[in-house]
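Chains A, B and C are the protein sequences, given in the same order.
Oh and the first sequence: position 207 is 207 in the numbering used here, straight run, nothing missing.
Take any residue in the second sequence, note its place counting from 1, add 363, and you have its number in the numbering used here.
Take any residue in the third sequence, note its place counting from 1, add 510, and you have its number in the numbering used here.
All C-beta atoms in this analysis are idealised placements derived from N, C-alpha and C, irrespective of residue type, glycine included.
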Amino acid sequence: MAFSPRAWLDERLDLSPVREFVEHKSVPVHRHSYWYYLGGMTLFLFIVQAMTGILLLLYYQPSEANAFESVRFIMTQVRFGWLIRSIHGWCGNLLIALAFAHMFSTFFLKSYRKPRELTWVSGMLLLFLMLGFGFSGYLLPWNTLSYFATMVGTNIAGVVPGLGQFVLRFLRGGDSVTGATLTRFFGFHVAILPAIIGPVLLLHLLLIQKQGMSVPLSVEQEYRAKGTTPPSIRFFPDFLLRELMGWYLALAVLAGLAALVPWELGVKADPFAPAPPGIQPEWYFLFMFQTLKYIPAKIFGFDGEVLGILAFGVAGLLLLLVPFLDRAAAKGLRSKIVKRAGVIIVIYILTMTTVAYVANLAR
Amino acid sequence: MPAMDEINRRRWLKSLLGGGIGASILSFLYPILSFVLPPPTQGSGAESQEVGQAAELKPNSGVVFQFGTQPALLIRTPEGDLRAFSAICTHLGCTVSYEADSKVIWCPCHNGIYDLHGRNIAGPPPRPLLEFKVNLRDGKVVVTKGA
Amino acid sequence: MQRAVRGAGLMICILGASLCARAQEPGAAAPKAAEPEPKITCIVCHSNLGGQLAMPTKPFPTDVHAEKGLTCASCHGGDPTSMDPKVAMSPAKGFRGKPTREQVPEFCGRCHSDTAYMHRYSPTVQTDQVRQYYTSRHGELLRQGNPQVATCINCHSVHDIKLVSDPASPVYPTNIPGTCGQCHSNQDYMGAYTDLPGLTQVAYYEKSVHYQALTIQGNLSAPTCVTCHSSHGATPPGVRSVADVCGRCHAQNLQFFQKSAHAAAFADMGVPGCVQCHGNHAILSANEAMLAGPASVCMTCHVEGDAGAQRSEEMAGQIRKLDAAIQQARATLEDADRAGMDVSVATAELTTAHSHLVMSRTAIHSLDTAQVEAEISQGIPVAEQALQEGRDKLAEVQSRRKGVALFSLLVLAIVFSLYLYIRLEDKPKRQSQ
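Structural data, given as structure tokens:
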């Protein structure tokens with residue numbers, strides 16, 4: 001009898017439940033089903049990030065003296081170093097953009113409603129962790145822009161009453177951004193955050209497999225009225241082929257971005273040099289940064305900046321807990337308030353980000 | 364029952380797709396493998412550098428070499444010691460060289476003179492030359508910053 | 511300060527009585543370690559006298575002489591062991607009291623001109639200061655009975671004298687301009703000396719590259735007043751010797767100058783060498799504007815269109831060409847570096863071009879356009895090559911971008927064929943529905 005790897009594995013692991021699951025798994029098809037691919041694309045980019053990150057780790061040296069030099073080494077001496085670094089840089093940005101898009105799509109389709117509350121919460125945690133990845137990774141090349149952006153970013157954390165000074169010193173590893181901050185951020189970026197994001201990501205994916213794709217509330221209502229359920233396609237190979245198309249599309253956009261604006265080396269950070277004008281954090285923090293600029297110094301006797309930061313904290317918490325707040329969705333009803341709040345948030349973020357960019361361009 | 368040309372079309376498309384995806388995977392692997400192989404120049408940045416065989420440099424002579432983005436000077440004193448300095452004159456930034464006749468390091472631009480420890484001893488140079496650490500590794504001279 | 515010293519000395523004379531035999535001999539002044547510390551009555555009385563009489567007692571303990579174990583009596587004589595002023599300050603005990611201004615050089619010279627004595631403290635110390643002083647303009651005028659000129663104490667201070675290497679000393683390199691300027695920038699004090707060129711020397715010096723090197727760069731070997739004028743033998747360098755004074759540091763420039771036609775011509779005209787173009791005290795950083803253009807120093811003697819004017823224009827043009835080529839290359843290399851390209855080889859090579867630029871600026875003193883051109887023609891190709899390498903690297907950035915863009919298009923093609931394939935796969939299902 002010929003050797004069969006499948007039989008060999010089955011004898012040892014008994015993969016039949018997995019096979020069974022894959023064979024029977026199906027994904028509903030309706031007019032909103034293309035939103036399903038955003039999550040897969042985000043996952044794909046996350047894998048690209050992990051792989052390129054591990055590659056960069058082979059040469060990167062996290063110290064004040066060597067960080068910039070080692071990035072220069074990667075870009076100039078290591079073959080395809082420029083490509084790997086450019087992809088890691090752009091992929092991080094695209095990943096966060098897609099994670100935001102994925103979050104808002106599930107928000108508006110109300111996929112967070114019962115029984116998928118935990119999926120939503122784990123997803124929100126993933127988004128926060130990714131922002132942490134972005135913030136900590138941005139400093140690592142130790143160039144002028146990243147240095148001062150980190151300075152500005154950590155300053156904002158320091159404003160929070162009570163905890164602020166502790167957080168500031170915890171993030172910076174001291175009173176100002178130094179080599180100690182770099183070592184720390186490196187630790188966050190390659191050890192602490194990956195260790196946290198791993199289980200959360202696993203939970204998120206397991207929940208999705210367990211519960212299947214959510215049918216949007218509006219679609220569900222239509223079919224309920226007709227007394228049927230929406231049609232579906234097989235997960236393998238039909239859905240996976242479409243998913244593959246999404247992954248390749250993400251890859252094409254990634255390469256396009258890298259071609260359009262190659263990730264530069266910049267100029268080595270000099271902690272004693274004056275900050276260059278127009279220093280901004282990464283774009284995904286810009287809407288918060290710009291808001292804090294507009295808040296008056298004093299509101300009803302309270303420090304405006306503190307109130308602003310607290311407001312963002314509360315907003316983040318509300319968003320995290322939206323499945324428990326939106327009672328209507330759980331009952332199969334569409335809440336107009338939640339929808340409007342979502343629309344306002346999206347418009348607000350887009351406006352503030354644009355304003356920040358335009359203001360910086362004008363300067 | 365699909366038409367014959369559609370079966371052909373599907374087969375053609377399938378092989379094209381397989382080829383494309385296969386090629387794209389190869390195009391991921393090639394840069395990754397190249398990246399993993401260490402580049403010929405060791406170490407990151409220009410903290411340390413090999414400068415040829417120690418035996419090639421005779422006593423009472425010096426050689427200018429490129430160290431990072433700047434020229435540097437490796438000398439062997441008449442007594443046989445190896446020393447390395449930045450070859451940038453501290454006066455106006457000309458490249459200095461070793462003068463075998465007078466046994467000094469000399470800058471041609473304004474006749475600046477440094478002794479064999481890089482100390483400015485005559486002419487306009489305001490500061491000594493920056494000194495680098497010199498080590499021998501298997502008979503090769505290794506110059507390191509931060510002596 | 512002078513008046514204070516004079517007053518203090520006067521009172522010491524009045525109070526003087528006793529005499530210390532050991533203090534008379536300079537050789538006996540240094541106390542032997544084994545002996546118990548002799549009681550110094552000078553300070554006991556003078557510190558209680560107040561005013562000018564007490565003044566020397568305060569700074570003296572940190573004076574370099576006190577640190578070496580000398581006492582008041584080592585210079586002023588007398589007997590510091592007696593509490594009786596009549597005994598302690600009696601001329602019979604060798605009391606010398608306070609010297610007049612005319613006596614000051616010899617007063618200090620008692621020890622400082624004694625080679626055998628001074629070598630006990632430092633075997634390399636000079637002992638010709640007083641002799642040199644009398645060759646100086648200050649010394650000459652003092653001999654003629656002019657008490658207004660500087661003596662030892664005007665520059666070194668009196669009872670708080672420090673080593674020259676001590677930053678608190680008024681003759682520490684960075685303090686010298688201020689010390690000379692005390693008199694030489696003072697209109698009231700110097701007004702009578704109409705033979706002096708003016709009182710702007712220190713103010714002008716403070717604008718010079720030398721002062722910048724001294725203060726901003728902290729280069730203590732940068733020339734101060736005394737580097738050119740000497741310290742104890744302070745005279746202005748003569749017209750002939752200017753080139754030699756400057757040439758002590760700027761040797762190459764001097765050699766070119768001395769071989770040039772200017773050397774003889776300047777001597778005939780009686781104009782000083784270097785100073786004619788560079789000035790004396792306000793020596794600014796030299797550049798091509800001194801050769802050509804409205805600020806040309808050549809045109810103070812040469813006229814438009816003559817050989818000298820043409821040559822200076824030509825040399826300036828050549829140097830500017832190399833300067834511009836280097837700057838362009840450097841800017842391009844910096845762009846490429848920022849983009850993450852390896853330009854270390856070209857950047858290192860560019861320093862060679864910079865060397866030729868500096869050399870060409872030195873070579874203009876030969877007035878020989880060929881010598882300048884020789885430097886320029888060696889520098890230009892280096893700069894051009896560096897520029898080309900920078901451009902090549904930037905072009906490589908572009909070709910990388912194109913490569914990545916092409917890859918992006920290929921991936922898009924895969925996406926499109928996946929789309930077609932999915933449609934094709936779906937067709938039978940849609941038909942069956």
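Residues that residue i contacts on chain B, provided the C-beta gap is smaller than 8 Å
i: threonine 872 of chain C; result: Cys472 and His473
i: leucine 254 of chain A; result: Near leucine 254 of chain A there are no residues of chain B at all, since even the closest Cβ is about 12 Å away, more than 8 Å.
i: histidine 875 of chain C; result: Here the premise fails: no neighbours, minimum Cβ distance about 11 Å.
i: leucine 58 of chain A; result: Phe398 and Val399
i: leucine 930 of chain C; result: Leu376
i: leucine 55 of chain A; result: Ile395, Phe398 and Val399
Interface residues of chain C facing residue i [CB-CB closer than 7 Å]
i: arginine 373 of chain B; result: Leu934
i: isoleucine 484 of chain B; result: Within chain C, no residue comes near isoleucine 484 of chain B; the closest Cβ sits about 10 Å away, beyond 7 Å.
Beta-carbon proximity of residue i to residue j, cut-off 8 Å
i: phenylalanine 448 of chain B; j: isoleucine 476 of chain B; result: no
i: proline 489 of chain B; j: alanine 723 of chain C; result: yes
i: glutamine 280 of chain A; j: asparagine 360 of chain A; result: yes
i: proline 680 of chain C; j: histidine 666 of chain C; result: yes
i: tyrosine 631 of chain C; j: histidine 742 of chain C; result: no
i: cysteine 91 of chain A; j: leucine 254 of chain A; result: yes
i: alanine 873 of chain C; j: glutamine 881 of chain C; result: yes
i: proline 276 of chain A; j: phenylalanine 148 of chain A; result: yes
Unbroken alpha helix (DSSP H) run spanning residue i, endpoints
i: tryptophan 469 of chain B; result: No alpha helix (DSSP H) contains tryptophan 469 of chain B, which is instead part of the beta strand (DSSP E) from 467-470.
i: tyrosine 138 of chain A; result: 117-139
i: isoleucine 233 of chain A; result: Per DSSP, isoleucine 233 of chain A belongs to no alpha helix (DSSP H); it is in the beta strand (DSSP E), 232-234.
Continuous beta strand (DSSP E) stretch holding residue i: start and end
i: asparagine 483 of chain B; result: 483-485
i: valine 358 of chain A; result: That residue, valine 358 of chain A, is in no beta strand (DSSP E); its alpha helix (DSSP H) goes 336-362.
i: serine 718 of chain C; result: Element bounds for serine 718 of chain C: n/a, residue is neither H nor E.
i: glutamate 462 of chain B; result: 460-462
i: valine 427 of chain B; result: 424-430
i: valine 506 of chain B; result: 503-507
i: glutamine 416 of chain B; result: 411-416
Residues near residue i in its chain [Cβ-Cβ closer than 7 Å; skip 5 each side]
i: leucine 38 of chain A; result: Leu98, Ala101, His102 and Ser105
i: isoleucine 686 of chain C; result: Thr734, Cys735 and Val736
i: lysine 542 of chain C; result: Model confidence at lysine 542 of chain C stands at a pLDDT of 42, short of 50, so the residue's coordinates are unreliable; what they give is reported in the following sentence. Result list for lysine 542 of chain C: empty, nothing under 7 Å.
i: glutamate 535 of chain C; result: The predicted model places glutamate 535 of chain C with a pLDDT of 42, which falls under 50 and marks its position as unreliable; any figure quoted below should be read in that light. So no residue of the chain qualifies.
i: glutamate 410 of chain B; result: Thr507 and Lys508
i: serine 407 of chain B; result: Note that serine 407 of chain B has pLDDT 44, beneath the 50 cutoff, so the model's placement of it is unreliable and the number below is only indicative. So the list is empty, once near-sequence residues are dropped.
Contact list for residue i against chain C, beta-carbon separation under 8 Å
i: leucine 437 of chain B; result: The premise fails here: leucine 437 of chain B is roughly 14 Å from chain C at the closest Cβ pair, so nothing lies under 8 Å.
Interface partners of residue i on chain B, CB under 7 Å
i: glycine 81 of chain A; result: Phe398
i: leucine 794 of chain C; result: None at all; the shortest Cβ gap to chain B is about 15 Å.
Contact list for residue i against chain C, beta-carbon separation under 9 Å
i: leucine 387 of chain B; result: The sequence given here has serine at residue 387 of chain B, not leucine. Under the 9 Å cutoff, chain C gives Phe917, Leu920, Val921 and Ile924.
i: proline 441 of chain B; result: Within chain C, no residue comes near proline 441 of chain B; the closest Cβ sits about 24 Å away, beyond 9 Å.
Chain-order list of residues whose beta-carbon lies under 6 Å from that of residue i (same chain, five-residue window excluded)
i: methionine 851 of chain C; result: Lys903
i: glycine 827 of chain C; result: none
i: proline 216 of chain A; result: His32 and Leu109
i: cysteine 690 of chain C; result: Cys735
i: proline 757 of chain C; result: The amino acid at residue 757 of chain C is misidentified as proline; the sequence shows glycine. Excluding sequence neighbours, glycine 757 of chain C sits near Leu764.
i: alanine 531 of chain C; result: Confidence is the limiting factor: at alanine 531 of chain C the pLDDT is only 36, short of 50, which leaves the residue's position unreliable, though a coordinate-based value still follows. Nothing listed; no residue qualifies.
i: arginine 513 of chain C; result: Model confidence at arginine 513 of chain C stands at a pLDDT of 46, short of 50, so the residue's coordinates are unreliable; what they give is reported in the following sentence. Excluding sequence neighbours, arginine 513 of chain C sits near nothing in its chain.
i: serine 870 of chain C; result: Ile829, Val882, Glu885 and Ile886
i: glycine 649 of chain C; result: Tyr643
Closer than 7 Å at the beta carbon, the chain A residues around residue i
i: proline 402 of chain B; result: Gln77, Val78 and Arg79
Contact list for residue i against chain A, beta-carbon separation under 8 Å
i: proline 394 of chain B; result: Arg79, Phe80, Leu83 and Ile84
Sequence-distant residues of the same chain with beta carbon closer than 8 Å to residue i, five excluded per side
i: glycine 502 of chain B; result: Gln416, Ala417 and Ala418
Residue i Cβ short of 7 Å to the ligand MN heavy atom set
i: proline 487 of chain B; result: This structure lacks the ligand MN, and indeed carries no ligand of any kind.
Counting pairs of Cβ atoms below 8 Å between the region 805-814 of chain C and the region 863-879 of chain C, do you hit three or more?
no
Would you check if there are 3 or more beta carbon pairs closer than 8 Å linking the region 880-894 of chain C to the region 227-240 of chain A?
no
Does the region 763-774 of chain C come into contact with the region 715-729 of chain C, if we say contact requires no fewer than three beta-carbon pairs (one atom in each stretch) closer than 8 Å?
no
If contact is defined by three or more beta carbon pairs under 8 Å, each pair taking one atom from either stretch, is the region 110-125 of chain A in contact with the region 327-342 of chain A?
yes
Would you call the region 842-858 of chain C in contact with the region 894-908 of chain C, where contact means no fewer than 3 C-beta pairs closer than 8 Å?
yes
Is it true that the region 238-258 of chain A meets the region 917-936 of chain C, where meeting means three or more beta-carbon pairs spaced less than 8 Å apart?
yes
Three Cβ pairs or more, each shorter than 8 Å: is that satisfied between the region 51-63 of chain A and the region 235-248 of chain A?
no
Taking 8 Å as the cut-off, does the region 190-206 of chain A touch the region 292-308 of chain A (at least 3 CB pairs, one atom from each stretch)?
no
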